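A quick write-up on the structure given underneath.
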Amino acid sequence: MSSIFAVGLVFAPVEAQDRITVIENGRVLDGSGNPWKYANVAIQGDRIVRIGDTEDLRPDRVIDASGLYVTPGFIDVHSHAGSALASPWLGLKHAEPLLAMGLTTVFVNPDGGGPVDQAAQREMLLAEGLGVNVAQLVPHGSIRREVIGSEDRHASEAEMERMRSLVIAGMEQGAWGMSSGTFYVPGSYAPPEEIEELARDVARYDGTYTSHYRDESTYSVGLIAAVDEVINVGRVAELPVVLTHVKALGPLVWGFGRAIVSRVDRAREEGIQVFADQYPYTASATGLEAALLPRWSQAGGRDALLTRMADPETMARIREGMEAGLERRGGADRIQFRRYEPDSTIEGRLLSELAEEKGQDPIDTAVELIRGGGVSIV
Numbered sequence: 000m001s002s003i004f005a006v007g008l009v010f011a012p013v014e015a016q017d018r019i020t021v022i023e024n025g026r027v028l029d030g031s032g033n034p035w036k037y038a039n040v041a042i043q044g045d046r047i048v049r050i051g052d053t054e055d056l057r058p059d060r061v062i063d064a065s066g067l068y069v070t071p072g073f074i075d076v077h078s079h080a081g082s083a084l085a086s087p088w089l090g091l092k093h094a095e096p097l098l099a100m101g102l103t104t105v106f107v108n109p110d111g112g113g114p115v116d117q118a119a120q121r122e123m124l125l126a127e128g129l130g131v132n133v134a135q136l137v138p139h140g141s142i143r144r145e146v147i148g149s150e151d152r153h154a155s156e157a158e159m160e161r162m163r164s165l166v167i168a169g170m171e172q173g174a175w176g177m178s179s180g181t182f183y184v185p186g187s188y189a190p191p192e193e194i195e196e197l198a199r200d201v202a203r204y205d206g207t208y209t210s211h212y213r214d215e216s217t218y219s220v221g222l223i224a225a226v227d228e229v230i231n232v233g234r235v236a237e238l239p240v241v242l243t244h245v246k247a248l249g250p251l252v253w254g255f256g257r258a259i260v261s262r263v264d265r266a267r268e269e270g271i272q273v274f275a276d277q278y279p280y281t282a283s284a285t286g287l288e289a290a291l292l293p294r295w296s297q298a299g300g301r302d303a304l305l306t307r308m309a310d311p312e313t314m315a316r317i318r319e320g321m322e323a324g325l326e327r328r329g330g331a332d333r334i335q336f337r338r339y340e341p342d343s344t345i346e347g348r349l350l351s352e353l354a355e356e357k358g359q360d361p362i363d364t365a366v367e368l369i370r371g372g373g374v375s376i377v
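Number 121 in numbering that gives the first Met the number 0 belongs to position 122 of the sequence shown; there are no gaps in the numbering.
Structure follows, in structure tokens:
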């Protein structure tokens, strides 16, 4: 029998789930927060079967990780990859670009945006074949837009119940929590009490709440009050909260980082689960309208905005708000155009450069672009 068995081992194909890969000589980080250690990692099929000594194994493949770190897959808690992962033509099929960065789990529908129907999105994601784990978030902004539109007002009792039903449906369909973008329209029109009530429904499903909070500078309530608002959601709804891409935006609030950390620390001492995510670079991407326009001017949608901009008296008020917004962003040489479909030739250029070329004040150039259609900036 031993001879037959040996022959079988030599000639029988090894099933994929039986293949053993050993990653050796790497600096292993186990994800627990412990310091790295030298160890080998053995993988059989799609499972890690051993961390440590692997001398007794007969691997099918050996990877030398000398000088490298071996880590668990990274979790991106704020990913805008949802639509691309669900589309065969947007270049993210099977999530290969994400995997190349070490990402194995992504949370989609951040900032309150994304599909309201979580089940339909899930079906589209699975249809294309996923290469990473995907956690969906119920998008507050999309839900508010569906129920109330872009109106700057509180929800009626009936509208509140409708929004609650959509949040509950999303959680029932498998969402991990709710996201909001109270900095953006229409989320900016929602009072804190609206968010808190919806978050209570999320908490019933052990969900989390993530927020591009209401103000990262001095746009409305101020940076610190906006951070306090998110923390209070965790307090009253009793669920974990995440300050998404936490930052102090622009020179008017530089130095406020310590105050944010202090509030997070105090909240944790109180027993509130508060977390934050942050990107590792000094630029951010948003829309020109979001960066410069006062929120009241955007109420009712684009047609209402253009009507206000056509009225000289109202436009004068809008301009004042835009000038303040430009100061918050650090000036016209700190705004770079990322995408502008009406004229792609401006992409990559600075607002200051384009304004100088046109012989205009930067605000006039920005108004011209906003009237022409949405422009994305860095």
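For each residue, glycine too, the CB sits at the ideal point set by N, CA and C. From a predicted model like this one, the values you see are computed outputs, not experimental measurements.
Item, Value
"Enumerate in chain order the residues of its own chain whose CB-to-CB distance from G186 is below 7 Å, with the five nearest sequence positions on each side excluded.", "G111, H139, G140, R143, S179, G180"
"Kindly list the residues whose CB is nearer than 7 Å to the CB of L8, restricted to its own chain and excluding five residues on each side of it in sequence; keep chain order.", "Bear in mind that the predicted position of L8 carries a pLDDT of just 31, short of 50, making it too unreliable to give a figure here."
"Which whole-angstrom value describes the C-beta separation of I42 and T20, a residue pair presumed to lie in contact below a C-beta threshold of 8 Å?", "5 Å"
"Determine the burial state of M162: buried for a count of at least 16 other Cβ atoms within 10 Å of its Cβ, exposed for fewer.", "buried"
"Which residue from S149, V366, H77 puts its Cα closest to that of L291?", "V366"
"What are the partner residues of H211, as DSSP defines its beta bridges?", "G180"
"Helix, strand or coil for G81? Go by DSSP, reduced to three states.", "helix"
"Quick check on DSSP: helix, strand or coil for F348?", "It should be pointed out that residue 348 corresponds to Arg in this sequence rather than to Phe. If DSSP states are grouped into helix, strand and coil, R348 belongs with coil."
"In chain order, which alpha helix (DSSP H) runs of at least 4 residues are fully inside the stretch 322 to 377?", "350 to 357, 361 to 371"
"With DSSP as the reference, label P293 as helix, strand or coil.", "coil"
"Would you kindly check if the distance between the Cβ of L91 and the Cβ of A80 is under 7 Å?", "yes"
"Going by DSSP, what residue range makes up the beta strand (DSSP E) through N108?", "Premise fails: N108 is in no beta strand (DSSP E) and is neither H nor E."
"Buried or exposed, going by whether 16 or more other CB atoms sit within 10 Å of the CB of G66?", "exposed"
"From the DSSP output, read off the bridge partner residues of E23.", "D63"
"Buried or exposed: which applies to L97, given that a residue is buried once 16 or more other Cβ atoms fall within 10 Å of its Cβ?", "buried"
"Please classify Y280: does DSSP put it in a helix, a strand, or coil?", "coil"
"Between which two residues does the alpha helix (DSSP H) containing P96 stretch?", "95 to 99"
"Out of curiosity, what's the CA-to-CA distance linking A409 and G330?", "For the chain, the structure presents residues 0 to 377; residue 409 sits outside this window and is missing."
"Could you name the residues of the same chain whose beta carbon sits closer than 7 Å to that of V235, not counting the 5 residues immediately before and after it, in chain order?", "E195"
"Please give me, in chain order, every unbroken run of the alpha helix (DSSP H) with length at least 4 that falls completely inside the stretch 216 to 260.", "222 to 236"
"Go ahead and pull the three-state DSSP assignment for Y37.", "strand"
"Within 10 angstroms of the Cβ of T281, are there 16 or more other Cβ atoms? Answer buried if so, exposed if not.", "exposed"
"In the DSSP assignment, what are the bridge partners of L102?", "F73"
"Count the other CB atoms within 10 Å of the CB of L305; is the residue buried (16 or more) or exposed (fewer)?", "exposed"
"Looking only at its chain, what residues have a beta carbon closer than 7 Å to the beta carbon of F4, apart from the 5 residues adjacent to it on each side?", "At F4 the pLDDT is 24, less than 50, meaning the model places this residue with poor confidence; the figure from the coordinates comes in the next sentence. The answer is none, since no qualifying residue turns up."
"Along the chain, where does the alpha helix (DSSP H) containing P87 start, and where does it finish?", "It is not in any alpha helix (DSSP H) - P87 carries neither H nor E in the DSSP assignment."
"One question on the structure: do V146 and D200 come within less than 7 Å of each other, judged by their Cβ atoms?", "no"
"What are the residues that DSSP puts in a beta bridge with Q43?", "I19, R46"
"Under 8 Å, with one C-beta from each stretch per pair, do the stretch 333 to 341 and the stretch 349 to 356 reach the 3-pair mark?", "yes"
"Which residues does DSSP pair with A275 in a beta bridge?", "L242"
"Applying the 10 Å Cβ sphere with the 16-neighbour rule, what's the burial state of A157?", "exposed"
"Do you know offhand how far Y207's Cα is from V252's?", "It should be noted that the sequence gives Thr, not Tyr, for residue 207. Cα-Cα distance, rounded: 28 Å."
"Using only CA atoms, which one of P87, Q135, L102 lies nearest to G128?", "P87"
"Anyone know if the C-beta pair for G148 and T103 falls short of 7 Å?", "no"
"Would you grab the beta carbon distance between D75 and V105 for me? Rounded to a whole angstrom, and I think it's under 8 Å.", "5 Å"
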